[in-house]
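Colleague: In terms of the UniProt record's numbering, the sequence shown opens at residue 1 and continues consecutively.
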Amino acid sequence: MAVLHHAFRCAVTPALEREIANLLAAWETGDRERLSDMALARYTALAERKDIHAAFYLGPDGAAPSWLQPQFISPGLAALVVLAKGFVPLPTLSASSDTNHYQLATQLPALGWATDEIDCLIRGQPIEAMLQGSAGCAFRLEQGGFRHTGGWTPGRMARTLCTRLDRLAFGPPSQANEAALVAWSKLNESNALQDARAMLTPLTDDDDWLVMALTH
1 MAVLHHAFRC AVTPALEREI ANLLAAWETG DRERLSDMAL ARYTALAERK DIHAAFYLGP
61 DGAAPSWLQP QFISPGLAAL VVLAKGFVPL PTLSASSDTN HYQLATQLPA LGWATDEIDC
121 LIRGQPIEAM LQGSAGCAFR LEQGGFRHTG GWTPGRMART LCTRLDRLAF GPPSQANEAA
181 LVAWSKLNES NALQDARAML TPLTDDDDWL VMALTH
């Protein structure tokens, strides 16, 4: 079964920061009804966003509507639904091949990439990490039962990764060993490097978030 990569840009604006603050205030006070109401009010606005439904399993025929009810709602799912209308689609790591995310994960280590850098490129952090940092809240956020809330990579990290990929686009590192040369050739021939650069290039603002998902 094919594994597809999805990617979106989420711009950080004063309005977004207010939305997050309101969501976390409801969660901190234990007002699940309010949190659910805020999420459900925005859920209907996503009816035409088939790309969002596909990436995060938010379709009306799935489990998401049940998870939005007060007894099951989590801050991560509520934030995803509230913010998703503003997501701008980006080119994905599946643009040339549905295996290119795997190529990047397996070949970049030979080119000196660390595991956390590769994770930021392909998967991102849980949405709770974004919420924790954006709101600066004192309480710790745990993942809810609905886990399809995307992986989030800060814009500054995305720009750093893009710079590294731009260098690789010109060829393997000058001191590359045989393993690195083989890895670079595989990434170049599969267009995995080009796909990754195309995804990251539009993220020009350090305050943007790269939001990603992998679906089967």
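Beta carbons: idealized from backbone N, C-alpha and C, even for Gly. These numbers were taken from a predicted model, which means no experiment stands behind them.
May I ask which residues mark the beginning and end of the alpha helix (DSSP H) holding G155?
Modeller: The residue you call residue 155 lines up with position 155 of the sequence shown. It spans G155 to A169 - the alpha helix (DSSP H) in which G155 sits, taken as one unbroken run.
Colleague: Are the stretch 114 to 128 and the stretch 149 to 168 touching by the rule of at least three beta carbon pairs closer than 8 Å?
Modeller: In this structure the stretch 114 to 128 touches the stretch 149 to 168; the number of beta carbon pairs closer than 8 Å is three or more.
Colleague: DSSP beta-bridge partners for M212?
Modeller: Within the sequence shown, residue 212 is the residue found at index 212, counting from 1. Beta-bridge pairing links M212 to A7 and G151.
Colleague: Distance, Cα to Cα, P70 vs A11?
Modeller: For this step, residue 70 is matched to residue 70 along the sequence shown. For this step, residue 11 is matched to residue 11 along the sequence shown. C-alpha separation (whole angstroms): 28 Å.
Colleague: Is the Cβ-Cβ distance between V3 and H216 less than 8 Å?
Modeller: Here residue 3 corresponds to residue number 3 of the sequence shown, with the count starting at 1. Here residue 216 corresponds to residue number 216 of the sequence shown, with the count starting at 1. Cβ atoms of V3 and H216: closer than 8 Å.
Colleague: In the DSSP output, which residue or residues are listed as bridge partners for P202?
Modeller: Counting from 1 along the sequence shown, the entry for residue 202 is found at position 202. Answer by DSSP bridge pairing: none, since P202 is not bridged.
Colleague: By the three-class DSSP mapping on this structure, what secondary structure does V88 have?
Modeller: Position 88 of the sequence shown holds residue 88. Look at V88 here: in three-state DSSP terms it is strand.
Colleague: For M212 and H53, which I take to be in contact (beta-carbon distance under 8 Å), what is that distance rounded to the nearest angstrom?
Modeller: Within the sequence shown, the letter at position 212 stands for residue 212. Within the sequence shown, the letter at position 53 stands for residue 53. M212 to H53, Cβ: 16 Å. No contact.
Colleague: Could you please give the first and the last residue of the uninterrupted alpha helix (DSSP H) stretch that includes W27?
Modeller: On the sequence shown, position 27 is the one that residue 27 refers to. Residues P14 to E28.
Colleague: In chain order, what residues of the same chain lie with their CB nearer than 7 Å to the CB of D98, ignoring the 5 residues before and after it?
Modeller: As a position in the sequence shown, residue 98 is number 98, starting the count at 1. So the list reads A2, V3 and L4, once near-sequence residues are dropped.
Colleague: Of all the CB atoms in chain E, is at least one closer than 8 Å to the CB of A45?
Modeller: Of the protein chains in this structure there is only one, and it is not chain E.
Colleague: Mapping the DSSP letters down to three states, classify residue 241 as helix, strand or coil.
Modeller: Shown here, the chain extends from 1 to 216; a query on residue 241 therefore has no answer.
Colleague: How would you label T92, buried or exposed, when you count the other beta carbons within 10 angstroms and need 16 or more for buried?
Modeller: As a first step, residue 92 is located in the sequence shown; it is residue number 92 there, counting from the start. It is buried - the Cβ of T92 has at least 16 other Cβ atoms within 10 Å.
Colleague: What does DSSP give as the partner residue(s) for P126 in the beta ladder?
Modeller: Walking along the sequence shown from the start, residue 126 turns up at place 126. Per DSSP, the beta bridge partners of P126 are G151.
Colleague: Using 8 Å for Cβ pairs, my map puts F87 next to G145. What's the rounded Cβ distance?
Modeller: Taking the sequence shown and counting its residues from 1, the one referred to as residue 87 is at position 87. Taking the sequence shown and counting its residues from 1, the one referred to as residue 145 is at position 145. The pair is not a contact, with the Cβ atoms about 22 Å apart (cut-off 8 Å).
Colleague: Could you name the residues of the same chain whose beta carbon sits closer than 7 Å to that of L80, not counting the 5 residues immediately before and after it, in chain order?
Modeller: Position 80 of the sequence shown, counted from the start, is the residue given in the question as residue 80. Within the same chain, L80 has close Cβ partners F56, I127, T149 and G150.
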